[in-house]
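In this text, residue positions in the sequence shown follow the working numbering: the first is 1, and each later residue adds one. Everything below concerns the one structure shown next.
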Amino acid sequence: MSMRVTPSANTAQGRTASDSSKTASRGVKKREVTMGNDGGSIAKRDELVRTKASFEKVDPELLRQSLWTVCALSRRPLEAPIVSDPLGRLYNKDSTVQHLLQRSQNDSSSSKTADPIPHIRGLRDITELNLTPNTLYRPPSPTTSSNQHSVYPFMCPLSSKQMDGKQRFVYIASCGCAMSATGLRTTVAASEASKDRPDDKPCPVCGKPFNAAGLAKGKQPEVGGSVVTINPSEAEEAEMREAMEKARAEQAARKKAKARTADQALEKGKAQEGDASEDKAQRKRRKAERKAEKSARIAALTAELAAEQS
1 MSMRVTPSAN TAQGRTASDS SKTASRGVKK REVTMGNDGG SIAKRDELVR TKASFEKVDP
61 ELLRQSLWTV CALSRRPLEA PIVSDPLGRL YNKDSTVQHL LQRSQNDSSS SKTADPIPHI
121 RGLRDITELN LTPNTLYRPP SPTTSSNQHS VYPFMCPLSS KQMDGKQRFV YIASCGCAMS
181 ATGLRTTVAA SEASKDRPDD KPCPVCGKPF NAAGLAKGKQ PEVGGSVVTI NPSEAEEAEM
241 REAMEKARAE QAARKKAKAR TADQALEKGK AQEGDASEDK AQRKRRKAER KAEKSARIAA
301 LTAELAAEQS
């Protein structure tokens, strides 16, 4: 006779409890995997990228205000004396001179990639601006919001328009006088040209002559010319940078050609005199000249900074 073994109630209950436990465990694990940021969905990568981009997007209005009220180097409020570079950016002069002095003193260890203004090689690359104060401007108080900036520190001396970025402003490189482009063109068109130099016109602010070719005909200032656009657009700045680099390359080529001519004359003199030690003396002299130029540059920057702080 065969005997049939029947599972006990405890054994069945134990298996059922065990299965339920495993099922519950699997369920918990599954919910942990599928749980998202909002309790049931997972944010996709492109959604996160769009969210990040929205935070990084700069308000165009705040950017415009910053360009005309804040130093492009130190990020402090613009205060006279104010200078500009060949790209039309605005800087506090003391911050720029301090930066150039520090760069000259640390010349051996400085890196152009970390320099915020590598295109400004020295004082010769900046122009101190003659800006007309806006009589309606009052410095903002600590409680003033940035979006309440409706009156700007400077204005056009010809049209009384604010220098706020809503209209194009320019400065004349030879004298530094700043004004609206419309005011300059209108004044130039009404002024008389010199018979000897028909392209030269007097500055409408200080009277110093400058090259105004094309302005009398209503054209925009020539890129790289004597009239520089302040805070240009990205496309205009790219053109201005290209013109600046081209002019500097031509200047370097002329300087190199002049040095080559001097070397050729020296070699010719050496051949005639037969002095073999002249070449070494020439190199030594050039090294001393470069050292003297660097010392003079540092001294000039130090004196300029001391004058600004006094």
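Each residue gets a CB set at the ideal place from its N, CA and C atoms; glycine is no exception. This one's a predicted model, so the numbers in the text were calculated from it and none came from an experiment.
Rounded to the nearest whole angstrom, the C-alpha separation of Ala178 and Leu90 is 12 Å. Separation of Leu101 and Leu184 (C-alpha to C-alpha, rounded to the nearest whole angstrom) is 35 Å.
Sorting Val223, Lys246 and Gln282 by C-alpha distance to the C-alpha of Ala235 places Val223 at the top. Under the 10 Å beta carbon count, Pro139 is surrounded by fewer than 16 other beta carbons and is classified as exposed.
Counting along the chain, the unbroken alpha helix (DSSP H) around Pro60 starts and ends at Pro60 to Thr69.
Its chain contains Lys201 as the residues whose beta carbon lies nearer than 6 Å to that of Ser191, once the 5 sequence neighbours on both sides are disregarded; these appear in chain order. By the C-beta criterion, the segment 56 to 71 is judged to be in contact with the segment 161 to 168, since at least 3 inter-stretch pairs fall below 8 Å. Within a 10 Å sphere around the beta-carbon of Leu73 sit 16 or more other beta-carbons, which makes this residue buried. Bounds of the beta strand (DSSP E) holding Val227 are Val227 to Thr229.
Within the same chain, and ignoring the five residues on either side of Pro221 in sequence, the residues whose Cβ sits closer than 8 Å to its Cβ are Val170, Ala181, Gly214, Leu215, Val227, Val228 and Thr229. For Ser95, the closest alpha carbon among the candidates Ser150, Arg283, Pro77 and Ala253 is that of Pro77. Residue nearest to Asp199 within the set Val188, Thr187, Lys291 and Ala212 is Ala212 (criterion: CA-CA distance). Counting of Cβ neighbours within 10 angstroms places Thr135 among the exposed residues, the total staying below 16.
At the C-beta level, Thr127 and Ala189 stay beyond 7 Å of one another. Met163 sits in coil when the DSSP states are folded into three classes, being neither helix nor strand. Residue environment analysis places Tyr152 among the buried positions, since at least 16 neighbouring C-beta atoms fall within 10 angstroms of its C-beta. In the DSSP secondary-structure assignment, Val83 is bridged to Tyr91 and Glu128. For Ala178, the enclosing beta strand (DSSP E) starts and ends at Ala178 to Ser180. Contact check for Ala300 and Leu123: beta-carbon distance about 7 Å, within the 8 Å limit, so the pair qualifies. Sixteen is the threshold: since fewer than 16 other Cβ atoms of the shown chains lie within 10 Å of the Cβ of Asp59, the residue is exposed.
In this model, Arg248 and Ile120 are separated by some 12 Å (Cα to Cα). Around the beta carbon of Asp85, 16 or more other beta carbons sit within 10 angstroms, so the residue counts as buried. Straight-line spacing of the CA atoms in Phe210 and Gln105 works out to 36 Å. In its own chain, leaving out the 5 sequence neighbours on each side, no residue places its CB closer than 6 Å to the CB of Ala114. Counting other Cβ atoms within 10 Å of its Cβ, Leu63 stays below 16 and is therefore classed as exposed. Following the DSSP letters along the chain, one finds Ile120 in no beta strand (DSSP E), marked with neither H nor E. Judged by DSSP secondary structure, Lys201 falls within the beta strand (DSSP E) whose first and last residues are Asp200 to Pro202.
With distances taken between CA atoms, His99 lies nearest to Pro118 out of Pro118, Gly88, Leu87 and Pro81. Rounded to whole angstroms, the gap between the alpha carbons of Lys291 and Asp125 is 21 Å.
Spanning the alpha carbons of Val83 and Lys294 requires a straight line of approximately 23 Å.
A distance of 7 Å or more separates the beta carbons of Cys156 and Cys206.
Ranked by Cα distance from Glu304, the first of Arg260, Val97, Glu289 and Ala257 is Val97.
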